[in-house]
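With the numbering used here, letter number 187 in the sequence shown gets 187, and the count goes up by one each step, no holes. Comments concern the structure below.
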Amino acid sequence: MSRVYVIDDDPLVTESLGRALHLETQYEVEVFQSGLAALAALAEKPPDLVVSDFKMPTMDGLQVLRAIREAAPDAVLILLTGYADKESAIRAINEVGIFQYIEKPWDLHDLLLKIKAGLERKELLHLLKQTSDRLIASERIAAVGRVASGIAHELANQLALVGYAEAIKVRAAGNAEIAELCDVLIAALRRLSSMVDEIKDFARGSADAIALEPADVASVIEEALAILKYDPDVAARRLTADVRGRPLARLHRGKFAQVLLNLVRNAVQATPPKGRIRVELDGTDGGAKVVVADDGAGMSPQVLARLGEPFFTTRPEGSGLGIGIARRIVEDHGGTLTFDSEPGKGTRVTIVVPGIA
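As structure tokens, this is what we get:
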């Protein structure tokens with residue numbers, strides 16, 4: 001609901017105009033008989049639109065609106081003025097950015113129309129800004145994707161050379177020192193290869209729609225957990241599953257399993273050995289809800305706000321792309337991926353996907 005301020009030192013004006021707005025509109029109306037009183041309320045109840053008289057003691061209307069513009073730059077400003085002050089009102093349009101000035105005595109119908117037009121303009125500007133921000137963000141992501149694709153290609157070429165470490169290890173059989181050095185290279189190769197795959201997935205984007213088929217969500221979870229049991233880091237934690245139903249959804253089984261694997265491995269990174277990780281499945285209002293929860297380190301609000309940002313990571317060995325890829329896969333399924341976390345209290349990741357009607 002839009003909030004409208006009415007400011008006038010004449011109590012008859014604030015009473016009559018305030019009552020008219022209450023009766024004729026759905027706006028939340030706040031009336032003030034001085035500019036100072038209105039400014040004092042700004043922090044608690046910022047206005048969407050302000051109607052202010054011009055001639056008032058202590059602070060005139062221009063001073064009040066100028067102060068409101070600084071504190072609430074998106075607010076729509078309307079100045080009430082007498083005929084003799086028309087030049088000052090016109091100056092205010094240029095200097096303060098006032099939307100309209102209205103001469104006294106005003107026509108109530110005309111005033112209501114101008115208030116409505118001002119609020120509609122504010123909403124339109126807000127929508128345009130949101131659209132512009134999304135377009136800019138999309139272009140930035142696309143630019144990052146193009147760069148990432150080139151990086152991935154070059155990395156893949158160089159990693160082919162590191163692959164000779166396995167051949168060297170075989171030829172140097174019996175030399176423990178060389179074998180140990182080769183193991184370090186091979187481990188690095190696998191880690192970097194995984195990062196290259198993530199970069200390629202990120203750069204590829206979602207231009208091609210993934211094929212979705214009816215699937216038992218529980219069975220996909222069971223397949224993912226069966227793979228994870230061979231991971232020694234996962235085995236060092238207490239991984240449990242709580243399947244409370246077998247909802248059906250349209251899934252790409254491989255992609256959905258990839259999301260689960262990514263989330264469980266993130267939980268492993270956040271928990272110490274013997275830490276607890278839980279995978280929960282439940283039906284929800286015609287869909288399926290999957291939760292991956294851990295009792296690990298948790299994340300601060302600052303880290304949560306940047307999750308999914310390309311190449312942002314808190315792990316030295318991470319690429320910072322896994323969460324963004326997981327979120328995109330879930331969105332390609334028509335679902336949502338959300339995080340709830342607090343430092344020292346673990347993290348809870350929730351996936352919700354629509355079911356089959």
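We put the CB at the ideal spot given by N, CA and C, even for glycine. In this text the structure is predicted, and so the values were computed from the model without any measurement.
C-beta atoms of residue i and residue j nearer than 9 Å
i	j	result
A241	V217	no
L77	F54	no
V290	L281	yes
I7	A40	no
D360	Q26	Residue 360 is absent from the model: the chain starts at 1 and stops at 357.
P47	Y5	yes
L128	L49	no
A215	N262	no
V96	L62	yes
I210	K255	yes
K274	A236	yes
A173	A167	no
L307	I277	no
V29	E15	no
A67	G18	no
For residue i, the nearest candidate out of the options (CA to CA)
i	options	result
S52	A20, T25, E44, I102	I102
P343	L304, A71, G287, G322	L304
A270	A297, E177, D233	A297
P247	P301, V352, L62	V352
V292	G275, P301, L260	L260
I323	G346, T350, V50	T350
I98	Q258, D110, L65, G275	L65
V264	A172, I186, T347	T347
I186	P232, L307, S300, K169	K169
T336	C182, P11, K345, T284	T284
A257	W106, P11, R69, E222	E222
Distance cut-off 8 Å: residue i Cβ against heavy atoms of the ligand PLP
i	result
V6	The model on display carries no ligand, and the ligand PLP is accordingly not part of it.
Residue i, DSSP secondary structure in three states
i	result
E44	coil
P272	coil
S2	coil
L281	strand
F32	strand
L212	coil
A207	Residue confidence for A207 is low, a pLDDT of 46 falling below 50, so the modelled location carries little weight; the figure read from the coordinates is stated next. It is coil, neither helix nor strand.
P316	Bear in mind that a pLDDT of 48 at P316, under 50, signals an unreliable position, so the number given afterwards is only what the model happens to contain. Three-state DSSP puts P316 in coil, outside helix and strand.
K289	strand
V96	coil
L307	coil
F256	helix
E103	strand
P247	coil
D242	strand
G118	helix
D332	helix
T58	coil
R237	coil
I351	strand
I356	coil
T25	coil
D9	coil
S16	helix
S341	strand
S300	coil
D295	coil
D53	strand
For residue j and residue i, believed in contact at Cβ under 8 Å, the rounded distance
i	j	result
E24	L113	Actually they do not touch by this definition, with Cβ atoms about 11 Å apart.
R250	V220	No, R250 and V220 are not in contact; Cβ-Cβ is about 12 Å, not under 8 Å.
A43	L108	Contact flag wrong, Cβ pair sits at about 31 Å.
G355	A288	6 Å
G82	K116	Not confirmed; about 24 Å, so no contact.
Counted within 10 angstroms of its Cβ, other Cβ atoms place residue i as buried (16 or more) or exposed
i	result
I329	buried
D110	exposed
T338	exposed
D295	buried
G245	exposed
P316	Caution is warranted here: a pLDDT of 48 is assigned to P316, below 50, making its placement in the model unreliable, and the coordinate value is therefore given only provisionally. Under this definition P316 is an exposed residue.
A75	buried
V13	buried
A165	buried
A71	exposed
A207	Reliability of the predicted coordinates at A207 is poor, the pLDDT of 46 falling under 50, and no value is obtained from them.
N175	exposed
M59	buried
I1	Going by the sequence as given, residue 1 is Met instead of Ile. Exposed: under 16 other Cβ atoms inside 10 Å.
S300	exposed
Interface flag, residue i vs chain C, CB-CB below 9 Å
i	result
F54	Looking at the structure shown, chain C is missing, and only one protein chain is on hand.
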